[in-house]
Amino acid sequence: MSILVDARTTLVVQGITGNEGTFHTLRNSDYGTEVVAGVTPGKGGQDVEGIPVFDTVARAVAETGANTSMVFVPPRFAADAILEAADAGVALVVCITEGIPVRDMATVHSYLEASSTRLVGPNCPGVISPGAANVGIIPGEICARGSVGLVSRSGTLVYQIVHELTQRGVGQSTCVGMGGDPVHGIGFVEALELFQADAETELIVLIGEIGGDDEERAAAFIAEEVTKPVVGYVAGFEAPPGKRMGHAGAIVTGSSGTAAAKAEALGSVGVSVGRDPTQVADLVVERLG
Amino acid sequence: MDLYEHMGKDLFRAHGIPTPRGFVAASAKEAASATEELGGRSVVKIQVQVGGRGKGGGVELCDSPEAAAAAADRMLGSTFKGFPVSRVLVEEQLPIAQEFYTSILLDRSRGDYLAMMTAEGGVDIEELARTRPDALRRLRIDPLLGLRGYHVRELVGGLPPEAWEGASEVVRMLYELLVFRDATLVEVNPLVLLEDDRVVALDAKVTIDDNALWRQPDLEDLRQQFPIDEVEARAKEQGLQYVKLDGEVGIIGNGAGLVMSTLDVVAQAGARAANFLDVGGGASADQMATSLEVVLSDPAVKVVLVNIFGGITRCDLVAQGILEALDRVDARVPIVVRLDGTNAEDGRRILADAAHPRIVPAANMIEAAEEAADLAGAAA
Chain A
-12 MSILVDARTT
-2 LVVQGITGNE
8 GTFHTLRNSD
18 YGTEVVAGVT
28 PGKGGQDVEG
38 IPVFDTVARA
48 VAETGANTSM
58 VFVPPRFAAD
68 AILEAADAGV
78 ALVVCITEGI
88 PVRDMATVHS
98 YLEASSTRLV
108 GPNCPGVISP
118 GAANVGIIPG
128 EICARGSVGL
138 VSRSGTLVYQ
148 IVHELTQRGV
158 GQSTCVGMGG
168 DPVHGIGFVE
178 ALELFQADAE
188 TELIVLIGEI
198 GGDDEERAAA
208 FIAEEVTKPV
218 VGYVAGFEAP
228 PGKRMGHAGA
238 IVTGSSGTAA
248 AKAEALGSVG
258 VSVGRDPTQV
268 ADLVVERLG
Chain B
11 MDLYEHMGKD
21 LFRAHGIPTP
31 RGFVAASAKE
41 AASATEELGG
51 RSVVKIQVQV
61 GGRGKGGGVE
71 LCDSPEAAAA
81 AADRMLGSTF
91 KGFPVSRVLV
101 EEQLPIAQEF
111 YTSILLDRSR
121 GDYLAMMTAE
131 GGVDIEELAR
141 TRPDALRRLR
151 IDPLLGLRGY
161 HVRELVGGLP
171 PEAWEGASEV
181 VRMLYELLVF
191 RDATLVEVNP
201 LVLLEDDRVV
211 ALDAKVTIDD
221 NALWRQPDLE
231 DLRQQFPIDE
241 VEARAKEQGL
251 QYVKLDGEVG
261 IIGNGAGLVM
271 STLDVVAQAG
281 ARAANFLDVG
291 GGASADQMAT
301 SLEVVLSDPA
311 VKVVLVNIFG
321 GITRCDLVAQ
331 GILEALDRVD
341 ARVPIVVRLD
351 GTNAEDGRRI
361 LADAAHPRIV
371 PAANMIEAAE
381 EAADLAGAAA
């Protein structure tokens, strides 16, 4: 098994007729993902390399039974696209789009809390379950099927660390790029919960970075609920201090948001924290035994 | 984007939130005439995009136009916490009965809004939240429901009754401003009750969501008034994320996470990064040439480290991009290049075949960082 996407995934791509949308749809399809539909308002009835295009997600779902959506529409329309997919009953929405206004995402976030639709992203590289399905822009060539579940806020660090794992003969069950936006869908905690319950996943790699308190909340969840070994990494020890949200920011999170604080929080609950991506891969090999 | 206090107060006034009368001044003379206009007494406040002005000598009460001129003279042209001061705000002095604190902000860890208020203004709000959390009223606001009447009553309930009406109006208008202007933070510290029971925002801290500036064109225009670093502006034009730092190793990488990680690894190798530069997804010859120009324009740079992980981007194209860039840019220092990922071997061979005198190939990220640190040390 794997999490979020697998051989049963049937994909509809919102924004399929754009350059990026078409390019990555075809890559995902070539990888073996079952792409059943695309949506571009006003282009219903056309097709992209044989993939039928519909005007609305509801129509695409009714005609093809798509259970997962990938969003490639521009930032001005992306929040609307996520809501449209949720209303059409799509179980999982993966939003690649970067630059969505945070107010729009706050509305989406609130709406999805009362919905059964799960969101990954926005501003993320997507989700791949090697050998089964690739939904997003993670290069399939650097992945290999195996037993390590990986979740990351950063896209290129997914690539870097997956590559180092594959080079060592360590495959992955699923790699999740959760995205770096302040308000996002699935976070570390949800991914950890899914990986903990997934029979194929033996070890979890968690890749964090400065800002927010996702890593601290992940550490608290690991202490309570995760029995599988976890290897962690936090980027940004040397990053210039980010802009603080006035005095109020620190009150909300109760955390300084620094890389050191995050690495310490993870280390204190038994996570093996690597000092660089290479050491992360070495630690994975070591803990898999 | 953090607005200056005077810009925040312009927004406050546009939304009906009372603020003191005031004028922006860029010279001692302007500060004096503003004070004259305000009746001979004023408060002079430096305008910088950073907090802590009250304690740091950035606010001065002046009892005459001459005193205001002297205060402005002292402040203008100085730096406050590293930020240059080019303007002051000259405001009327008001008869203050009591000081409060209020804010509404986006809570990134929950994806909703958080409103806060306390009757204990003018204090260190973080300290208050830690030591006497009961003194700070906090409320979650669901973005789908918005700010409701009962929210407002709960928030102002900790203030003296004579402040309720005025403070309620301020909170309602702050929320309206937050939503309509795409702010992620509005903070008033202090919000004051005057002797005549009026409630006035004495300060304004407003942060606008950069992703939403396309629908806030008048706020985008305000950016023109911000001090800009020429090199950073040039990088931005090319779609590159560049932040100047204090070290000697110029860094170019693709993806914010990988670049941050590169800074860390360079520090672990005993050197310091001169900058953060994210070249983005493509890493074409054009982007690479501009990146090298931007990084090399910093005279402190003694070596450049290029760290590219090819995902969708193929490393053979990145290698060609680097060589083309070196035809156009005068590389005055060694350039350590680490390529990995898709077609990395082809990319490394292209660089090896070119045998460019400035290019130092590295097999992996750690080796690249150590090599760069050694070269920076040798050049020192």
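Which chain is which? The protein sequence lines are A and B, in order. Going left to right, the first sequence walks through residues -12 to 276 as our numbering numbers them. Going left to right, the second sequence walks through residues 11 to 390 as our numbering numbers them. Where a beta carbon is used, it is the ideal one built from N, C-alpha and C, also for glycine.
Anything in chain A within Cβ reach of residue i, meaning under 9 angstroms, just list it in chain order.
i                : result
Met298 (chain B) : Within chain A, no residue comes near Met298 (chain B); the closest Cβ sits about 16 angstroms away, beyond 9 angstroms.
Ala277 (chain B) : Phe224 and Glu225
Using a Cβ-Cβ cut-off of 8 angstroms, state whether residue i counts as contacting chain B.
i                : result
Arg155 (chain A) : no
Ser134 (chain A) : no
Asp269 (chain A) : no
Gln159 (chain A) : no
Tyr98 (chain A)  : yes
Asp263 (chain A) : yes
Tyr146 (chain A) : yes
Pro109 (chain A) : no
Met232 (chain A) : With a pLDDT of 44 at Met232 (chain A), under the threshold of 50, the predicted position of this residue should be treated as unreliable, though the coordinate-derived value follows. Yes, Met232 (chain A) lies at the interface with chain B (some Cβ there is under 8 angstroms from its Cβ).
Thr245 (chain A) : no
Arg105 (chain A) : no
Pro117 (chain A) : no
Ile3 (chain A)   : no
Val170 (chain A) : yes
Just to make sure I have the definition right: I need the residues of chain B whose C-beta is within less than 8 angstroms of the C-beta of residue i. Which are they?
i                : result
Gly199 (chain A) : Arg118 and Ser119
Val60 (chain A)  : In chain order: nothing, as chain B lies at least about 15 angstroms away.
Ile124 (chain A) : Gly321 and Ile322
Glu180 (chain A) : Residues of chain B passing the Cβ test: none, with the nearest at roughly 17 angstroms.
Looking at chain A, is there any beta carbon in it that lies within less than 8 angstroms of the beta carbon of residue i?
i                : result
Gln235 (chain B) : no
His161 (chain B) : no
Pro153 (chain B) : yes
Gly267 (chain B) : yes
Thr194 (chain B) : yes
Met375 (chain B) : yes
Val189 (chain B) : yes
Met17 (chain B)  : no
Ala211 (chain B) : no
Asp384 (chain B) : no
Met4 (chain B)   : Chain B is shown from 11 up to 390; residue 4 (chain B) falls before or after that span and cannot be answered.
Ala281 (chain B) : no
Ala222 (chain B) : yes
For residue i, I'd like the list of residues in its chain whose CB is within less than 6 angstroms of its CB, leaving aside the five on either flank, ordered along the chain.
i                : result
Pro28 (chain B)  : Val210
Glu242 (chain B) : Tyr252
Asp117 (chain B) : Leu124
Val221 (chain A) : Gly195, Ala246, Lys249 and Ala250
Thr51 (chain A)  : Val23 and Ala24
Rounded C-beta distance between residue i and residue j? I'm assuming under 8 angstroms.
i                : j                : result
Val163 (chain A) : Ile194 (chain A) : Rounded, the Cβ-Cβ distance is 10 angstroms, inconsistent with contact.
Gln103 (chain B) : Val53 (chain B)  : 6 angstroms
Thr352 (chain B) : Pro126 (chain A) : 6 angstroms
Val328 (chain B) : Val346 (chain B) : Not confirmed; about 14 angstroms, so no contact.
Thr55 (chain A)  : Ala78 (chain A)  : 7 angstroms
Gln1 (chain A)   : Ala68 (chain A)  : 5 angstroms
Arg182 (chain B) : Val196 (chain B) : Arg182 (chain B) to Val196 (chain B), Cβ: 12 angstroms. No contact.
Lys55 (chain B)  : Leu21 (chain B)  : With 8 angstroms as the limit, Lys55 (chain B) and Leu21 (chain B) do not qualify as a contact, their Cβ atoms being about 17 angstroms apart.
Leu273 (chain B) : Ala226 (chain A) : 6 angstroms
Gly290 (chain B) : Gly321 (chain B) : Not really, about 12 angstroms apart at Cβ, beyond 8 angstroms.
Gly244 (chain A) : Gly276 (chain A) : Not really, about 34 angstroms apart at Cβ, beyond 8 angstroms.
For residue i, verify whether its CB is less than 7 angstroms away from any heavy atom of the ligand SAH.
i                : result
Pro143 (chain B) : The ligand SAH is absent from the structure shown, which contains no ligands of any kind.
Check the Cβ of residue i against every Cβ in chain B and list those closer than 9 angstroms, keeping chain order.
i               : result
Gly52 (chain A) : None at all; the shortest Cβ gap to chain B is about 29 angstroms.
Which residues of chain A have a Cβ atom closer than 8 angstroms to the Cβ of residue i, listed in chain order?
i                : result
Phe319 (chain B) : Thr143, Tyr146, Gln147 and His150
What does residue i reach in chain B if we use C-beta pairs closer than 7 angstroms?
i                : result
Glu128 (chain A) : Thr352
Val114 (chain A) : The contacting residues do not exist; Val114 (chain A) stays about 15 angstroms from chain B at best.
Can you give me the Cβ contacts of residue i inside the same chain, cut-off strictly under 7 angstroms, excluding the 5 residues immediately before and after it?
i                : result
Val275 (chain B) : Met375, Ile376 and Ala379
Thr9 (chain A)   : Ile3 and Val35
Arg1 (chain B)   : Since the first residue of chain B shown is 11 and the last is 390, residue 1 (chain B) is not available in this structure.
Gly233 (chain A) : Its pLDDT being 49, under 50, Gly233 (chain A) is placed unreliably in this model, and the value from its coordinates should be taken loosely. Correct list: empty, nothing qualifies.
Enumerate in chain order the residues of its own chain whose CB-to-CB distance from residue i is below 8 angstroms, with the five nearest sequence positions on each side excluded.
i                : result
Gln226 (chain B) : Arg191, Asp192 and Ile218
Val180 (chain B) : Ile27, Pro28, Thr112, Val198, Leu201, Val209 and Ala211
Find the residues of chain A that neighbour residue i, judging by a C-beta separation of less than 7 angstroms, and give them in chain order.
i                : result
Leu273 (chain B) : Glu225 and Ala226
Asp122 (chain B) : Ala93 and Ser97
Asp219 (chain B) : Pro88, Val89 and Arg90
contact_flag[the stretch 162 to 178 of chain A, the stretch 103 to 112 of chain A] where n(CB pairs < 8 angstroms) is 3 or more
yes
Cβ contact check for the stretch 34 to 44 of chain A and the stretch 146 to 155 of chain A: 3 or more pairs under 8 angstroms
no
Would you check if there are 3 or more beta carbon pairs closer than 8 angstroms linking the stretch 89 to 97 of chain B to the stretch 53 to 64 of chain B?
yes
Is the stretch 132 to 147 of chain A touching the stretch 81 to 99 of chain A in the sense that three or more CB pairs, one from each, lie closer than 8 angstroms?
no
Indicate whether the contact test is met: 3 or more Cβ pairs, each with one atom in the stretch -9 to -1 of chain A and one in the stretch 16 to 24 of chain A, closer than 8 angstroms.
yes
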